[in-house]
Amino acid sequence: MHEKAGHPGEQQQLFDTEAPPWELDDAERRWVATLVIPGGPRQEFDYLVPDALRPRLSVGQRVRVTLGRGDRPMVGYCVRLEHRAVGVRRLKPVNELVDERALLSPAMLRLTQWMAEHYLCPLAQVLDAVVPAAVRGKAGTRLTTLLSVPTKVAARLATLDLPKKQAAILQYLAASSEPLTPAQLAQRIGCAGSTITGLRRKGLIAAENRRIHHHAATHALVAREENLALNADQQLALDSILASLRSQQHQTLLLHGVTGSGKTEVYIRAIQEVVGYGRQAIVLVPEISLTPQAQERFRARFGRVAVLHSHLTDAERHAHWQEIAAGQVSVVVGARSAIFAPTPHLGLIVLDEEHEGSFKQDTAPRYHARDVALRRAAAEQVPLVLGSATPSLESWHRGQTGEYRLIEMPRRVFDRPLPAVVTIDLRNETRDHVWTGSISRPLHAAMREALESGGQVILLLNRRGFATHIQCAGCGHVVRCPNCDIALTHHRQSEIALCHYCDYELAAPTRCPECQFIGIRYSGLGTQRLEAEVRARFPDYAALRMDTDTMRAPGSHERALAAFRNGEVRILLGTQMIAKGLDFPDVTLVGVVNADTALHLPDFRAAERTFQLLVQVAGRTGRGPKGGRVLVQTFSPDHAAIRAAVRHDYQTFAAEELPNRQALSYPPFASMSRLVVRGPKEPAAREFAGHLAERLTAALARHAEHAARVLGPAPAPIAKLRGLHRFQIQLQAALPEPLHAALREAIEGVESPEGVQWIVDVDPLDMM
Ligand code: ADP
Ligand code: ZN
Numbered sequence: 019m020h021e022k023a024g025h026p027g028e029q030q031q032l033f034d035t036e037a038p039p040w041e042l043d044d045a046e047r048r049w050v051a052t053l054v055i056p057g058g059p060r061q062e063f064d065y066l067v068p069d070a071l072r073p074r075l076s077v078g079q080r081v082r083v084t085l086g087r088g089d090r091p092m093v094g095y096c097v098r099l100e101h102r103a104v105g106v107r108r109l110k111p112v113n114e115l116v117d118e119r120a121l122l123s124p125a126m127l128r129l130t131q132w133m134a135e136h137y138l139c140p141l142a143q144v145l146d147a148v149v150p151a152a153v154r155g156k157a158g159t160r161l162t163t164l165l166s167v168p169t170k171v172a173a174r175l176a177t178l179d180l181p182k183k184q185a186a187i188l189q190y191l192a193a194s195s196e197p198l199t200p201a202q203l204a205q206r207i208g209c210a211g212s213t214i215t216g217l218r219r220k221g222l223i224a225a226e227n228r229r230i231h232h233h234a235a236t237h238a239l240v241a242r243e244e245n246l247a248l249n250a251d252q253q254l255a256l257d258s259i260l261a262s263l264r265s266q267q268h269q270t271l272l273l274h275g276v277t278g279s280g281k282t283e284v285y286i287r288a289i290q291e292v293v294g295y296g297r298q299a300i301v302l303v304p305e306i307s308l309t310p311q312a313q314e315r316f317r318a319r320f321g322r323v324a325v326l327h328s329h330l331t332d333a334e335r336h337a338h339w340q341e342i343a344a345g346q347v348s349v350v351v352g353a354r355s356a357i358f359a360p361t362p363h364l365g366l367i368v369l370d371e372e373h374e375g376s377f378k379q380d381t382a383p384r385y386h387a388r389d390v391a392l393r394r395a396a397a398e399q400v401p402l403v404l405g406s407a408t409p410s411l412e413s414w415h416r417g418q419t420g421e422y423r424l425i426e427m428p429r430r431v432f433d434r435p436l437p438a439v440v441t442i443d444l445r446n447e448t449r450d451h452v453w454t455g456s457i458s459r460p461l462h463a464a465m466r467e468a469l470e471s472g473g474q475v476i477l478l479l480n481r482r483g484f485a486t487h488i489q490c491a492g493c494g495h496v497v498r499c500p501n502c503d504i505a506l507t508h509h510r511q512s513e514i515a516l517c518h519y520c521d522y523e524l525a526a527p528t529r530c531p532e533c534q535f536i537g538i539r540y541s542g543l544g545t546q547r548l549e550a551e552v553r554a555r556f557p558d559y560a561a562l563r564m565d566t567d568t569m570r571a572p573g574s575h576e577r578a579l580a581a582f583r584n585g586e587v588r589i590l591l592g593t594q595m596i597a598k599g600l601d602f603p604d605v606t607l608v609g610v611v612n613a614d615t616a617l618h619l620p621d622f623r624a625a626e627r628t629f630q631l632l633v634q635v636a637g638r639t640g641r642g643p644k645g646g647r648v649l650v651q652t653f654s655p656d657h658a659a660i661r662a663a664v665r666h667d668y669q670t671f672a673a674e675e676l677p678n679r680q681a682l683s684y685p686p687f688a689s690m691s692r693l694v695v696r697g698p699k700e701p702a703a704r705e706f707a708g709h710l711a712e713r714l715t716a717a718l719a720r721h722a723e724h725a726a727r728v729l730g731p732a733p734a735p736i737a738k739l740r741g742l743h744r745f746q747i748q749l750q751a752a753l754p755e756p757l758h759a760a761l762r763e764a765i766e767g768v769e770s771p772e773g774v775q776w777i778v779d780v781d782p783l784d785m786m
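Each residue of the sequence shown is one higher than the last, beginning at 19 in the numbering used here.
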């Protein structure tokens with residue numbers, strides 16, 4: 019059991035609303051609301067609930083209180099209500115309710131409690147992340163006075179002796195099918211507001227204050243589509259999910275289906291079953307996959323779909339949230355935060371492209387939607403379906419151990435072939451000294467051929483090229499850390515090669531240790547120049563670059579894709595952004611310009627990311643009758659990740675990569691946390707990181723003994739960002755519990771010096 023500030027040992031009773039069973043004199047007992055207060059101190063606070071508020075207050079609602087000696091006005095979330103003896107301690111009262119109804123169900127409150135503990139984040143901050151700002155701010159609603167004629171008055175309307183105007187007002191209002199605002203009534207009758215006020219004073223008109231939406235959520239009308247006839251693989255997959263649904267028990271199913279195997283169709287059928295029970299489904303997809311086509315696919319099958327994408331206005335977001343909470347929506351489709359959708363009767367959670375990094379939030383609370391989904395599905399006793407062509411090794415490992423049920427869909431629909439993937443060995447290109455620029459001779463020739471025969475071309479370039487690894491352009495050898503198996507980073511100023519995990523350091527070699535070639539200082543391909551190079555080489559074909567820099571303006575992403583879809587643009591160049599989820603039948607060639615940039619990042623998931631990227635980008639081609647192929651430029655054609663990607667062979671990749679992870683205690687074989695310290699002055703940041711590392715080492719020794727280690731402090735791979743020097747510390751332990759206990763203990767009460775900031779990232783994905 020964990021200790022909680024202010025309430026040690028009360029964990030089990032958290033959120034119970036029942037009065038404690040022991041007998042006490044009623045006079046001594048009071049209703050007490052326990053609050054967490056965003057922007058206030060981290061602990062919980064107790065407040066007295068005045069009798070008048072008690073019937074309208076429940077856990078999960080926000081209330082207004084004052085805090086501290088200065089009586090600062092604050093808003094807090096009520097997380098517990100108890101009828102209990104208050105003792106001599108004087109409590110302040112709850113002043114007012116902020117919400118008419120609870121924003122969080124008891125189940126959602128328990129989920130946030132788990133998040134707060136697991137991700138070491140204050141509960142108040144978690145709650146503010148779980149309840150959208152638009153909902154907290156009641157966006158798009160107004161407090162409105164609504165008038166009606168009380169039934170008693172209406173019954174004796176004819177007998178009332180009133181001036182003509184007043185009688186007309188009463189008659190009109192009594193006959194109205196809906197309550198009216200004072201302004202509406204005055205306008206329709208043509209009377210002064212004071213006349214209406216007079217009637218209200220006499221008690222002949224009743225007034226009620228209600229919060230109403232002035233923009234209801236709009237639902238685009240989409241033509242309904244019939245179900246497709248499933249093929250045998252799809253039917254088997256569906257049967258597994260349905261069996262799990264009908265068992266009414268939680269189970270996680272990992273749907274491993276190659277690109278184009280028809281996974282979405284399987285999700286849709288499973289959701290139809292759930293909706294048939296009168297329950298709701300949540301479908302999580304990466305934000306980038308929330309394309310209009312993807313939205314339509316769901317809208318065409320289900321009447322009531324809420325799509326939560328990032329371009330919603332606050333009023334729309336709030337209206338959707340209310341509709342979902344009222345049970346008026348069958349299917350919620352959205353990115354990461356849609357896992358918090360307040361569905362009253364959840365039946366199924368689907369998480370598509372489960373390997374995607376965007377499911378992890380990169381600000382506090384640094385939650386992973388997959389792990390939150392797992393918790394929520396288990397608590398609500400519903401199945402969780404994880405789908406991917408390239409599952410994360412974490413999920414795959416659990417599929418292997420039987421913790422998840424693994425379902426395979428190894429073929430594309432209609433048995434369409436997967437595209438041929440071929441590597442171009444840049445070592446040959448370099449040795450022959452025939453090559454300058456980013457596009458090799460074979461890639462150039464293939465582009466020309468594809469374009470001349472009417473096809474379209476996608477070129478993928480990896481932009482995360484800031485961390486320069488040291489790779490021999492002659493033999494492809496990469497200089498790696500002997501402790502961490504991480505590519506060392508070349509620091510030109512000091513001419514060293516540095517491990518950004520453990521701080522291991524080496525003088526940068528001048529010759530390749532393997533083949534003695536002097537081209538070891540190869541610095542990678544000039545990705546910025548790629549666009550210019552493409553335009554120079556293919557002036558007759560329209561090219562478009564798509565990355566976070568060129569796609570800032572809202573709608574630019576959709577416009578770019580539309581131009582490519584209608585054939586206006588023939589060559590699309592882009593970053594990872596273009597690798598996912600797109601479906602263009604005329605793309606006959608995909609070129610990966612620099613596969614090695616991803617392969618040798620100082621990140622223990624570098625091989626996995628590269629494999630995923632290559633398989634996903636290959637999935638973008640060969641979708642139409644023209645077929646398609648993929649060319650991958652690399653100095654490391656023999657690397658296991660690249661060899662497996664060429665054969666679309668996930669199983670072999672996983673079987674080769676998992677032992678590497680195990681050997682060095684990386685996830686999924688160990689739990690990991692990362693601390694990042696940053697500050698404007700390097701020595702101060704370094705020193706504080708060292709202090710933290712010492713505390714962590716001591717705490718880990720107490721909690722985890724041998725099965726744990728602390729790596730660092732070392733400069734973070736991105737050693738300087740926006741003027742701040744960054745250091746990192748990594749913790750690894752065989753089991754998560756001792757690691758988290760040690761972490762909690764080590765950081766308890768730690769204050770960083772002036773100007774130095776630090777964060778804790780539990781289960782990190784971003785290792786830069
Ligand atoms: P995935 O998500 O596995 O990559 P999709 O669900 O996008 O695959 O399906 C790929 C394409 O195949 C889509 O255009 C989809 O409409 C089509 N499709 C899926 N299932 C069937 C089926 N049973 N019969 C015909 N077409 C199908
Ligand atoms: Zn190292």
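Beta carbons: idealized from backbone N, C-alpha and C, even for Gly. The structure presented is a predicted model; accordingly, all values stated were derived computationally and were not measured.
Run through DSSP, which three-state label would residue i get?
i       : result
Glu-766 : coil
Asp-443 : strand
His-508 : strand
Pro-460 : helix
Leu-402 : strand
Phe-377 : helix
Arg-665 : coil
Asn-227 : strand
Ile-367 : strand
Asp-43  : The pLDDT assigned to Asp-43 is 46, lower than 50, so where the model puts this residue is not dependable, and the model offers no usable value.
Ala-737 : strand
Val-635 : helix
Ala-515 : strand
Just how far apart, CA to CA, sit residue i and residue j?
i       : j       : result
Ser-76  : Ala-142 : 17 Å
Met-595 : Ala-224 : 57 Å
Arg-98  : Ala-152 : 24 Å
Glu-766 : Ile-230 : 45 Å
Ser-123 : Pro-362 : 9 Å
Tyr-684 : Ala-751 : 9 Å
Pro-771 : Val-67  : 40 Å
Ala-299 : Val-403 : 11 Å
Ile-514 : Leu-524 : 6 Å
Gln-202 : Val-323 : 33 Å
Would the beta-carbon of residue i fall within 7 Å of that of residue j?
i       : j       : result
Arg-218 : Pro-140 : no
Gly-646 : Pro-360 : no
Ala-732 : Asp-521 : yes
Val-112 : Val-83  : yes
Cys-530 : Cys-517 : no
Leu-739 : Pro-698 : no
Phe-694 : Tyr-137 : For clarity, residue 694 is Val in the given sequence; the question names Phe instead. Against a cut-off of 7 Å, the Cβ pair of Tyr-137 and Val-694 comes out as no contact.
Leu-682 : Asp-503 : yes
Between residue i and the ligand ADP, is there a pair consisting of the residue's CB and a ligand heavy atom that are separated by less than 6 Å?
i       : result
Asn-249 : yes
Ser-307 : no
Glu-372 : no
Leu-256 : no
Leu-617 : no
Ser-279 : yes
Gly-645 : no
Gly-455 : no
Glu-283 : yes
Leu-739 : no
Among residues of its own chain, excluding the 5 on either side of residue i, which ones have a beta-carbon nearer than 6 Å to its beta-carbon?
i       : result
Gly-494 : Arg-445, Phe-653, Ser-654
Glu-100 : Val-50
What residues in its chain sit with their C-beta under 7 Å from that of residue i, if we drop five residues either side in the sequence?
i      : result
Asp-44 : For Asp-44, the predicted model reports a pLDDT of 46, less than 50, meaning its position is unreliable and no value from the coordinates is stated.
Does chain C have any CB closer than 7 Å to the CB of residue i?
i       : result
Ala-134 : Of the protein chains in this structure there is only one, and it is not chain C.
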